[in-house]
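S.K.: Can you read through this structure? Questions will come right after.
Residue numbers (this note's numbering): 8 to 271.
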């Protein structure tokens, strides 16, 4: 759910202008309500709501500590620019409503309906201030939900990657032995490699996208994506052994990164 609240039309200068009535206009009150409403509208638009948006702020996050750091950054922005900044502007609207209400009450020509509308503006300003002050709760909930969802997917991918890479070298050696047993049938040897590639190489390739936001995983992601494609399939049986050595070498590199990241 987006953190950015809805800006009610009651807090717009245009709505106040259409509801103040001719009598109030002619009275030329000193409340400054129109001015405070314009300032309030402009202030709302100036706020960088994307800096409190869980999707925008976590688009490059992968690990739990990164999600938590993004959440804290959003909370800091809220505290500085919303709670201790913009809320004061909304408070000025509320104060202007108090002055306008007194002017209307003291007037013998301004209709009560104008005072009723000012009371509505005041009520919305008070409600809006409360919502803005408590946005930190919405931020925490939104960021935590986002983190938990992404970390759950990452943990599932981690489990699969650990299992697949641990068995990979043995599977490669088994494939090479099986292919050699098909000699001299070249097509049969290539089929053995193709079956292995589709099952084992693609097993790693489909898991690595979960880790590509970490630059240390990018080389492995790039290689295994290529290796999983049909273009990696050897054209001749004599190429199988070389491909096998390359696959084991890349798997070793990947496992080193995983170990450094404490995934294993």
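Heads up, the beta-carbon is just placed ideally off N, CA and C, and yes, glycines get one too.
What alpha helix (DSSP H) runs, 4 residues minimum, are completely inside the stretch 175-229?
M.R.: Here the runs fully enclosed are 193-203, 209-212.
S.K.: What is the rounded straight-line gap between the Cα of residue 178 and the Cα of residue 235?
M.R.: Roughly 15 Å separates the two Cα atoms.
S.K.: By the three-class DSSP mapping on this structure, what secondary structure does residue 54 have?
M.R.: If DSSP states are grouped into helix, strand and coil, residue 54 belongs with coil.
S.K.: Using C-beta distances below 7 Å, list every residue in its chain close to residue 241, excluding the 5 sequence neighbours before and after it, in chain order.
M.R.: Closer than 7 Å at the Cβ level, and outside the excluded window around residue 241, lie 197, 200, 247, 250.
S.K.: Cα separation between residue 42 and residue 50?
M.R.: The alpha-carbon atoms of residue 42 and residue 50 are separated by roughly 12 Å.
S.K.: Measuring only the C-alpha atoms, how far is residue 66 from residue 157?
M.R.: One C-alpha to the other measures close to 11 Å.
S.K.: Nearest-angstrom Cα distance between residue 232 and residue 143?
M.R.: Each residue's Cα considered, the two are about 41 Å apart.
S.K.: Leaving out five residues on either side along the sequence, give the residues of the same chain with a beta carbon under 6 Å from the beta carbon of residue 265.
M.R.: The residues are 271.
S.K.: At which residues does the alpha helix (DSSP H) containing residue 111 begin and terminate?
M.R.: Element bounds for residue 111: 94-113.
S.K.: With three or more beta-carbon pairs closer than 8 Å as the criterion, would you say the stretch 16-23 touches the stretch 128-135?
M.R.: Taking 8 Å as the limit for Cβ pairs, the verdict is that the stretch 128-135 does touch the stretch 16-23.
S.K.: Terminal residues of the continuous alpha helix (DSSP H) containing residue 236?
M.R.: Residue 236 -> no alpha helix (DSSP H), and no H or E assigned at all.
S.K.: Return the residue from the list 96, 45, 123 that minimises the CA-CA distance to residue 108.
M.R.: Here the closest residue by C-alpha is 123.
S.K.: When the Cα of residue 186 is compared with those of 10, 208, 32, 244, which residue comes out closest?
M.R.: Nearest option by C-alpha distance: 244.
S.K.: Using the Cα positions of residue 213 and residue 81, report the straight-line distance between them to the nearest angstrom.
M.R.: Looking at the two C-alpha atoms, the distance is approximately 32 Å.
S.K.: Skipping 5 residues on each side, what residues in its chain have a beta carbon closer than 8 Å to that of residue 210?
M.R.: Only 167, 171 meet the Cβ criterion.
S.K.: Could you work out which residue in 117, 69, 95 is closest to residue 28 when comparing CA atoms only?
M.R.: If we check each option's Cα against that of residue 28, 117 comes out closest.
S.K.: Tell whether a beta-carbon distance below 7 Å holds between residue 224 and residue 217.
M.R.: Going by C-beta atoms, residue 224 is not nearer than 7 Å to residue 217.
S.K.: Classify residue 60 as buried or exposed, calling it buried when 16 or more other Cβ atoms lie within 10 Å of its own Cβ.
M.R.: Answer is buried; the Cβ neighbour count reaches 16.
S.K.: Under 7 Å between the Cβ atoms of residue 38 and residue 103?
M.R.: In this structure, residue 103 lies closer than 7 Å to residue 38 by Cβ.
S.K.: Residue 116 lies in the alpha helix (DSSP H); which residues open and close that run?
M.R.: Residue 116 -> no alpha helix (DSSP H), and no H or E assigned at all.
S.K.: If you drop the 5 nearest sequence neighbours on each side, which residues of the same chain put their C-beta closer than 7 Å to that of residue 14?
M.R.: Closer than 7 Å at the Cβ level, and outside the excluded window around residue 14, lie 51.
S.K.: Who are the near neighbours of residue 193 in its chain, counting only those whose CB is closer than 6 Å to its CB and skipping five residues on each side?
M.R.: Excluding positions up to five away in sequence, the list reads 244.
S.K.: Tell me the rounded alpha-carbon separation between residue 35 and residue 26.
M.R.: About 15 Å.
S.K.: Buried or exposed for residue 62, going by 16 or more other Cβ atoms inside 10 Å?
M.R.: With fewer than 16 other Cβ atoms within 10 Å, it is exposed.
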